[in-house]
Each structure stands twice: as structure tokens, then as C-alpha cells.
């Protein structure tokens with residue numbers, strides 16, 4: 005395989021991984037929408053889609069890493085990141101690689117932000133529920149200590165609420 009074929013393989017792998025990240029962000033948004041709407045069937049569907057896309061991302065990342073290591077060997081760059089290896093690739097391949105790598109990093113950051121957003125929303129709801137339950141059941145309000153002597157948060161026991169509440 006020539007260096008140009010390796011560059012094309014790496015470009016293809018990065019493009020596929022970017023597409024997977026974009027699909028993951030879309031699935032994460034539908035996950036967040038389902039949580040906010042309390043649509044549990046849509047939530048289950050979104051979780052399934054996210055699981056499939058996460059597996060695809062892992063597979064594509066493996067392909068990208070393999071192509072990158074092959075390109076690193078072809079260029080003779082023993083150590084260094086994508087930008088150092090890309091400097092050893094002639095134009096127009098260099099520009100294509102650096103642009104795709106930048107897009108890949110942005111897509112990964114978007115996925116991370118979407119995950120953080122959904123996690124923050126769920127944590128806020130969990131904390132609100134915990135605060136409400138502490139007000140309703142003040143006997144569980146005091147600190148509890150575990151075997152190690154550190155303060156632990158008491159588990160929320162199952163509650164049966166009257167439908168009038």
C-alpha cells in the first residue's frame with residue numbers, strides 16, 4: 005500500500021468516525037428529549053440506538069488508529085500526533101487530514117457536551133427528588149455513616165404514595 009493509499013484509508017476512516025459521532029449526537033438529543041417528555045418507549049429506543057452507534061464508533065476508531073499507525077510507519081515518524089504526521093504528507097493530503105482531524109475532534113466534543121447536558125439534567129432531577137423526599141421524611145434527613153466512618157447518602161427506599169398526593 006502506497007503512502008497516498010494510506011492517506012485515503014485514514015481519511016475514509018476519519019470521515020466514517022465523524023458520521024458516527026454526528027449520529028451519536030442526534031441519538032443523544034432524542035434521548036434528552038425523551039427524558040424531558042417522560043416518553044419511556046422513545047427513551048428505550050434512543051438508548052438502543054446510542055448503544056449501536058457507540059459500538060460503531062469504537063469499531064471506526066479502531067480502523068482509524070490502525071490506518072494512522074500505518075501512515076506513521078510509512079512517513080517514518082516514530083513519535084508524534086496527527087499534526088506531526090500530517091506535516092510529512094504532501095499536499096493536498098495534508099490539508100485533508102488536518103481538516104478531517106479537526107472535524108473529528110469537534111464532533112467528539114459535541115458528543116461529550118451532549119452527554120454532559122443530559123447527565124446534568126438527570127442529576128438536577130435526582131437532587132430535586134432527594135430534597136423533596138428529605139422534606140417529606142425528615143427522619144431520613146440526618147447523616148448516616150458507613151463502615152469506613154465516612155458520611156454516606158442514605159438510599160432511597162421504595163415508597164408507595166397515595167394517589168391523592
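In our numbering, the protein residues as written are 5 to 169.
For each residue, glycine too, the CB sits at the ideal point set by N, CA and C.
**OP:** Reducing DSSP to helix, strand and coil, say where residue 24 ends up.
**Re:** By one-based count along the chain shown, residue 24 stands at place 20. It is helical.
**OP:** Can you give me the Cβ contacts of residue 11 inside the same chain, cut-off strictly under 8 Å, excluding the 5 residues immediately before and after it?
**Re:** Taking the chain shown and counting its residues from 1, one reaches residue 11 at position 7. So the list reads 75, 93, 97, 100, 101, once near-sequence residues are dropped.
Subject >> Member of 5, 58, 83 whose CA lies at the smallest distance from the CA of residue 119 >> reply: Within the chain shown, residue 119 is the residue found at index 115, counting from 1. Cα-wise, what sits closest to residue 119 is 58.
Subject >> Inter-stretch contact (C-beta, 8 Å, three-pair minimum) for the region 31-45 and the region 67-86 >> reply: no
Subject >> Backbone CA spacing between residue 29 and residue 114 [nearest angstrom] >> reply: One-based indexing of the chain shown puts residue 29 at position 25. One-based indexing of the chain shown puts residue 114 at position 110. The alpha-carbon atoms of residue 29 and residue 114 are separated by roughly 7 Å.
**OP:** Report the rounded CA-to-CA distance for residue 117 versus residue 152, giving the unit in angstroms.
**Re:** Within the chain shown, the letter at position 113 stands for residue 117. Within the chain shown, the letter at position 148 stands for residue 152. Cα to Cα, residue 117 sits roughly 35 Å from residue 152.
**OP:** Please state if the CB of residue 39 and the CB of residue 126 are separated by a distance shorter than 8 Å.
**Re:** For the purposes of this step, residue 126 is taken as the residue at position 122 of the chain shown. For the purposes of this step, residue 39 is taken as the residue at position 35 of the chain shown. Yes, the Cβ-Cβ distance between residue 126 and residue 39 is below 8 Å.
Original post:
With respect to the alpha helix (DSSP H) encompassing residue 124, which residues constitute its N-terminal and C-terminal limits?
Top reply: Taking the first residue of the chain shown as 1, we reach residue 124 at position 120. Looking at the DSSP string, the run of the alpha helix (DSSP H) that includes residue 124 is 97-140.
**OP:** Classify residue 55 as helix, strand or coil using the three-state DSSP reduction.
**Re:** Here residue 55 refers to the residue found at position 51 of the chain shown. Three-state DSSP puts residue 55 in a helix.
Original post:
residue 18 and residue 108 look like a contact to me (Cβ under 8 Å); what is the Cβ gap, rounded to whole Å?
Top reply: What you label residue 18 is simply residue 14 of the chain shown in a count that begins at 1. What you label residue 108 is simply residue 104 of the chain shown in a count that begins at 1. Right, the Cβ-Cβ distance comes to about 5 Å (below 8 Å), so this counts as a contact.
Subject >> Limits of the alpha helix (DSSP H) - the one that residue 91 falls within >> reply: Indexing the chain shown from 1 puts residue 91 at position 87. First-last of the alpha helix (DSSP H) with residue 91: 86-91.
Original post:
Are the beta-carbon atoms belonging to residue 122 and residue 63 less than 8 Å from one another?
Top reply: The residue you call residue 122 lines up with position 118 of the chain shown. The residue you call residue 63 lines up with position 59 of the chain shown. Against a cut-off of 8 Å, the Cβ pair of residue 63 and residue 122 comes out as no contact.
Original post:
Residues in its own chain within less than 7 Å of residue 50 by CB, not counting five upstream and five downstream?
Top reply: As a first step, residue 50 must be located in the chain shown, where it is residue number 46. For residue 50, where only same-chain residues beyond five positions count, the Cβ hits under 7 Å are 31, 34, 35, 38.
Original post:
Anyone know if the C-beta pair for residue 53 and residue 24 falls short of 8 Å?
Top reply: One-based indexing of the chain shown puts residue 53 at position 49. One-based indexing of the chain shown puts residue 24 at position 20. The answer is no: Cβ separation not under 8 Å.
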